[in-house]
Amino acid sequence: MINVEVINQLLQNEWVVKIIWVIITLVAAKIAIKLFSPIVRKFDDMVDRVEWSEQKHKMVERVIKYGIWIAAILVILEILGLKGAIFTALAGMGVAGIAVGFAAKDTLSNFISGIFLYSDKMFNIGDTVEIDGKVGKVMDIHLRNTVIKGFDNKIMIIPNSKTASSLVINYSRLPTRRLSIPVGIAYEADLKKAEKLILDIIKKDPDFLDEPKPSVIVKGFGDFSVDLEARGWIKNKGFLDKKVRLTKEIKIAFDKNDIEIPYPKRVMISPKRPAGKRKK
Numbered sequence: 066m067i068n069v070e071v072i073n074q075l076l077q078n079e080w081v082v083k084i085i086w087v088i089i090t091l092v093a094a095k096i097a098i099k100l101f102s103p104i105v106r107k108f109d110d111m112v113d114r115v116e117w118s119e120q121k122h123k124m125v126e127r128v129i130k131y132g133i134w135i136a137a138i139l140v141i142l143e144i145l146g147l148k149g150a151i152f153t154a155l156a157g158m159g160v161a162g163i164a165v166g167f168a169a170k171d172t173l174s175n176f177i178s179g180i181f182l183y184s185d186k187m188f189n190i191g192d193t194v195e196i197d198g199k200v201g202k203v204m205d206i207h208l209r210n211t212v213i214k215g216f217d218n219k220i221m222i223i224p225n226s227k228t229a230s231s232l233v234i235n236y237s238r239l240p241t242r243r244l245s246i247p248v249g250i251a252y253e254a255d256l257k258k259a260e261k262l263i264l265d266i267i268k269k270d271p272d273f274l275d276e277p278k279p280s281v282i283v284k285g286f287g288d289f290s291v292d293l294e295a296r297g298w299i300k301n302k303g304f305l306d307k308k309v310r311l312t313k314e315i316k317i318a319f320d321k322n323d324i325e326i327p328y329p330k331r332v333m334i335s336p337k338r339p340a341g342k343r344k345k
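Each step along the sequence shown adds one to the number in my numbering, with nothing skipped, and position 61 is 126.
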């Protein structure tokens, strides 16, 4: 049986009541966060003029989540009677406050950069991008960092301040993309024949577009080879697979048609010993 008298005595204790209200506030915040997520998506479905990407959905949900937690913390501080004391302490921190500000500089910078990334729409979740030399698929965009999965299945977490200050290449933004493959042939090889072989391969491949037309250009003269570049336009999807396939087909065609792909060779020449001298 529950002892009502004990419960009444506990409820007379000011701190017990405060702890109960703290627990209620935390539970209410948790419930509010869970309720708001489907409401945001429902709003998008109900209003035709509102078309939000998955990225924007997550941004709104996170802003609401952080807002609810901040409100909950302020309510808890008010319940515990600490709100005024904490703000007074922060105002009087002086030098210590400046030190804390410097320590939080990077976090604040990442947070602000995250907001700019959302608003500028540099890339979306699912896009293939290159950020500061790192290539991969965007898995998530947080307010403080961006999560990218490399083609080797490694997860890279890049601070948003780094993303905002780096060169960003979005390979998924446009529906088509030029595929370029460097090819070297020997100086003795038939240049026109090599060009025709490459163009025939590209034109027969259904993944390559007729317009813009494919081409083979002479890039320059290397130490061992005439440097060519095969160019063709494709739809963005499956870029790497198409590049690997075309590279293999060019090599096979060159082998069948005696087009040499040169490479550096090292010849070891041993000096002859003078006549009459033998090793003892």
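Quick reminder that beta carbons are idealized off the backbone N, C-alpha and C, glycines included.
Next on the checklist: According to DSSP, simplified to helix, strand and coil, what is Ala229?
Outcome noted: Residue numbering aside, residue 229 sits at position 164 when the sequence shown is read from its first letter. Helix, per DSSP.
Item to check | Alpha carbon of Pro329 to alpha carbon of Phe289, nearest angstrom | outcome: Taking the first residue of the sequence shown as position 1, residue 329 is located at position 264. Taking the first residue of the sequence shown as position 1, residue 289 is located at position 224. For Pro329 and Phe289, the distance between alpha carbons rounds to 7 Å.
Checklist entry - Got a sec? Which residues, its chain only, sit under 8 Å from Val87 by beta carbon, not counting five neighbours each side? => result Residue mapping note: residue 87 aligns to position 22 of the sequence shown, counting from 1. Hits under 8 Å: Ile141, Ile144, Leu145.
Checklist entry - How would you write the range of the alpha helix (DSSP H) that Asp265 sits in, first residue to last? => result Your numbering for residue 265 matches position 200 in the sequence shown. In this chain, the alpha helix (DSSP H) harbouring Asp265 covers 256-269.
Item to check | C-alpha gap between Ile180 and Arg242, whole angstroms | outcome: Taking the first residue of the sequence shown as 1, we reach residue 180 at position 115. Taking the first residue of the sequence shown as 1, we reach residue 242 at position 177. Looking at the two C-alpha atoms, the distance is approximately 29 Å.
Item to check | Cut-off 8 Å between Cβ atoms - residues of its own chain near Ile266, not counting five sequence neighbours on either side | outcome: As a first step, residue 266 is located in the sequence shown; it is residue number 201 there, counting from the start. Cβ contact annotation for Ile266 (same chain, cutoff 8 Å, sequence separation greater than five): Leu311, Glu314, Ile315, Ala318, in chain order.
Item to check | For Val291 and Lys302, the rounded distance between their alpha carbons | outcome: Stepping through the sequence shown from its first residue, residue 302 is reached at position 237. Stepping through the sequence shown from its first residue, residue 291 is reached at position 226. Roughly 31 Å between the two C-alpha positions.
Next on the checklist: Quick check: what's the CA-CA separation for Leu208 versus Val309?
Outcome noted: Position 143 of the sequence shown, counted from the first residue, corresponds to residue 208. Position 244 of the sequence shown, counted from the first residue, corresponds to residue 309. Approximately 36 Å, taken between the alpha carbons.
Checklist entry - In terms of alpha-carbon separation, which member of Val283, Gly297, Asp255 lies closest to Lys268? => result For this step, residue 268 is matched to residue 203 along the sequence shown. The candidate whose alpha carbon is nearest that of Lys268 is Gly297.
Checklist entry - Among Trp134, Glu260, Phe188, which residue has its Cα nearest to the Cα of Leu293? => result Working through the sequence shown from its first residue, we reach residue 293 at position 228. It is Glu260.
Checklist entry - Going straight from the alpha carbon of Ser280 to that of Leu262, what length do you get? => result Translated into the one-based positions of the sequence shown, residue 280 becomes position 215. Translated into the one-based positions of the sequence shown, residue 262 becomes position 197. Their Cα atoms are separated by approximately 11 Å.
Next on the checklist: Could you compute how far the alpha carbon of Ile282 sits from the alpha carbon of Tyr252?
Outcome noted: Residue mapping note: residue 282 aligns to position 217 of the sequence shown, counting from 1. Residue mapping note: residue 252 aligns to position 187 of the sequence shown, counting from 1. So the alpha carbons of these two residues sit roughly 15 Å apart.
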